[in-house]
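Sequence order for the protein chains is R and L.
Sequential numbering of the first sequence, starting at 4, is according to the numbering used here.
Sequential numbering of the second sequence, starting at 105, is according to the numbering used here.
Here the structure is laid out as structure tokens; the discussion comes afterwards.
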Amino acid sequence: MKSKMKEKAIKLVFTSAASTAILIVALIFLFLGNEAAPFAKVPGLSELFGQKWMPVSFEKESFGLLPLITGSLLVTFLATIIAVPFGVCGAVYISEVASRFERELFKPFIELLAGIPSVVIGFFGLIVLTPIVKDVFGLYSGLTALTGALLLALMAIPTIITISEDAISNVPKSYKEASAALGASELQTVWKVTVPAALSGIIAAVMLGMGRVIGETMVVMMVTGNAAIVTGSPFESVRTMTATIAAEMGEVPFGSDHYRALFWVGIVLLIMTFMLNLVSHRVLKKYQDKQ
Amino acid sequence: MVVTELKAIKVETKVRVRNTDFYYGSEQALYGINIDVPARQVTALIGPSGCGKSTFLRTLNRMNDIIDGTRLVGEVMIDGEDIYNENTDVVALRKKVGMVFQKSNPFPKSIFDNIAYGPRLHGITNKDELTAIVEKSLIRAALWDEVKDRLHKSALDLSGGQQQRMCIARALAVEPQVLLLDEPASALDPRSTARVEELITELRKDLTILIVTHNMQQAGRISDFTSFFYEGRQIEFGPTKRIFTNPGEKKTEDYITGRFG
């Protein structure tokens, strides 16, 4: 009888620990929704679909989210296409190619890179990378989407390397032996057997890296120039959703339309990361079904 | 004695090994191996665990190369060519000398892609050609009838016995001349084992087969020649019939009759 009670108590502890996460997510949704909701009545949700984000104006304020969304997407997309090849190749190198000595040499550096505060990376970008981007591409200003993407890629690469490397190292040795026995070179084995077999882990790594990129605030605020324009060019200045919230939330009058619009930015950001998770789950599942 | 025995039945030598030592780092695993493996015969390698028979098998397609710090001294000749020569093309060697492992190891791909893996590596991209190779290999491995309707399903869904025959088919797809089998049936049930044994007997017509086995009955049933390894040395080599009925060495007799091992 007593042990049964104990059993129940233990179960309760674990259940409540796990539920906390759900509860907090629900609370965040509730809070965001609550703050954002009045905007739907005045000035109306259609305002959000505008092409212009000009929340402070003497004539007419505009709360179009499009430039912020495209800004975030552009930076995320660029950062991903830069980070994925580097991250995956780095992981392959560390787990399959490097000697033990090289591995021991590289790993601490990668871990260190993951631990650098984003404001330091932003500072480095501002002082070092921005002039380089400006000179190399002959631009008026080095504060561009590309500059932000390069730095974000730098931040995503350690995540991608560490998790992909785990996945690649976990591929059974028997696959590699089978491949070698059929006459595959080491590199052929890596690309045709090891990486495909580790793909689910690699996709998870990329998604986590992307999650870090899309949510990153400080670096993009420092180096992308923060001009809220709709553009697809990596050489233009952009303003991301995260940077908008961080930059404007501190000065916005409480309860104003602008204040509520910023909560809508937050909701859209949340939905986007949620979709990213959903898509990655789908991709993973599809891949696993195929096996 | 070995030479006279072989001459008596007039078989050509496919693999000739001379004074071969093998090391894992500083640890010696094989001592002065000499063996003439006859072509298109089944040669069984027997001996207690850790006696070096698997290591020896893996020297023949240089699979030991992928283990760091291994070293071979001596001569391993296949068709008269030293495969440990600097100029040896390991890819070509492994195409010629196929291998099947103790534990079946299908890739997490479809059956078709598993079998086509080797041919694709060696440059065959034509779909019809690949399809023909896949069919032929599966027929040779006596698996075609069981899988022909699900070639594009995952190989991991096959039963253990089917997986192992698929691995044999995968090895056959690159048209090897020598097939190395490392305890191919040790993880299989008796029925699957019987099928694999039948298959080996069938393949013997065009292939030189070396099989490592712990199963004395199996060695007796399917092999033409037997080599007995003990503590990294080859104790005895000869026609299976003679080794089993009239072993020349006391150790061989003790092992075969189950006194140790």
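We put the beta carbon where it would ideally sit given N, CA and C, even for glycine.
Contacting residues, own chain, Cβ-Cβ under 8 Å from residue i (five flanking each side not counted)
i       : result
M105(L) : Confidence at M105(L) is low in this model, with a pLDDT of 48, below 50, so its placement is unreliable and no value can be given for it.
F277(R) : none
A230(R) : E239, S240, V241 and R242
Y334(L) : G151, P152, C155, K355 and Y359
L222(L) : Residue 222(L) is actually Gly in this sequence, not Leu. Closer than 8 Å at the Cβ level, and outside the excluded window around G222(L), lie K199, R274, A275, A277 and V278.
E114(R) : P161 and T165
I13(R)  : none
P96(L)  : Given that chain L is displayed from residue 105 to residue 365, the structure contains no residue 96(L) and the question cannot be resolved.
A289(L) : Q268, S296, T297, V300, E301, T317, N319 and Q322
Residue i, enclosing beta strand (DSSP E) - first and last residue
i       : result
K213(L) : Premise fails: K213(L) is in no beta strand (DSSP E) and is neither H nor E.
G136(L) : E131 to P142
D125(L) : T117 to Y128
V316(L) : T312 to V316
M181(L) : T174 to I182
E340(L) : R337 to P343
A148(L) : V146 to I150
G202(L) : V201 to V204
Cβ shell of residue i (< 6 Å), same chain only, five flanking positions each side left out
i       : result
V251(L) : I215
I182(L) : V119
K137(R) : G145
G53(R)  : S65 and G67
G253(R) : none
Distance CB(residue i)-CB(residue j) smaller than 9 Å
i       : j       : result
E180(R) : N218(L) : no
Q206(L) : G336(L) : no
A170(R) : G118(R) : no
I248(R) : L273(R) : no
V226(R) : G145(R) : yes
K55(R)  : G67(R)  : yes
R299(L) : R269(L) : yes
S65(R)  : M57(R)  : yes
V204(L) : L285(L) : yes
G186(R) : V195(L) : yes
V141(L) : F329(L) : yes
I137(L) : G184(L) : no
S327(L) : I315(L) : yes
G214(R) : L279(R) : yes
V268(R) : L71(R)  : yes
V209(R) : S236(R) : no
V95(R)  : V198(R) : yes
Same chain only: Cβ atoms within 7 Å of residue i, ignoring 5 sequence neighbours per side
i       : result
A86(R)  : A156, A159, I160, I163 and G212
T192(R) : K179, S182 and A183
R295(R) : Shown here, chain R extends from 4 to 294; a query on residue 295(R) therefore has no answer.
Y135(L) : D125, G336 and R337
F140(R) : F238
P46(R)  : D260
Nearest candidate by alpha-carbon position, reference residue i, set the options
i       : options                               : result
T124(L) : F211(L), R175(L), Q267(L) and V146(L) : R175(L)
T83(R)  : R103(R), A152(R), I166(R) and F34(R)  : A152(R)
R363(L) : M320(L), T330(L) and E233(L)          : M320(L)
N165(L) : A148(L), I139(L) and T192(L)          : T192(L)
Q322(L) : T147(L), V201(L), H256(L) and V194(L) : T147(L)
I232(R) : K63(R), P256(R) and T147(R)           : T147(R)
Q267(L) : Q281(L), D232(L), L242(L) and L283(L) : L242(L)
L283(L) : L311(L), N168(L) and C271(L)          : L311(L)
I206(R) : V91(R), V28(R) and V131(R)            : V91(R)
Bounding residues of the alpha helix (DSSP H) (the contiguous stretch that carries residue i)
i       : result
S126(R) : Here residue 126(R) is Phe; the residue named in the question, Ser, does not match the sequence. It spans S121 to F127 - the alpha helix (DSSP H) in which F126(R) sits, taken as one unbroken run.
M210(R) : L202 to G218
T235(L) : K231 to R244
D169(R) : A148 to S172
V78(R)  : L69 to V95
- Task: Please name the residues in the segment 169-192 of chain R whose beta-carbon is closer than 7 Å to at least one beta-carbon of chain L, in chain order.
- Result: From the segment 169-192 of chain R, only S177, Y178, E180, A181, A183, A184, L185, G186, A187, S188 and Q191 have a Cβ closer than 7 Å to chain L.
- Near-chain R residues of the segment 212-236 of chain L - C-beta to any C-beta below 7 Å: Cβ contacts with chain R come from P212, Y221, G222, L225 and H226.
- Message: Please list, in chain order, the residues of the segment 174-198 of chain L that have any C-beta partner in chain R closer than 9 Å.
- Response: From the segment 174-198 of chain L, only V194, V195, A196, L197 and R198 have a Cβ closer than 9 Å to chain R.
- Item | Short-range partners of chain R found in the segment 258-290 of chain L, where Cβ spacing is below 9 Å | Cβ contacts with chain R: S258, L260, C271, R274, A275, A277, V278 and L284.
- Message: At a CB distance below 7 Å, what residues from the segment 135-168 of chain L approach chain R? Give them in sequence order.
- Response: So the close ones are N165 and M167.
- Query: What are the residues of the segment 194-205 of chain R that lie near chain L, defined by any Cβ-Cβ distance shorter than 8 Å?
  - Reply: Answer set for the segment 194-205 of chain R: K195, V196, P199 and A200.
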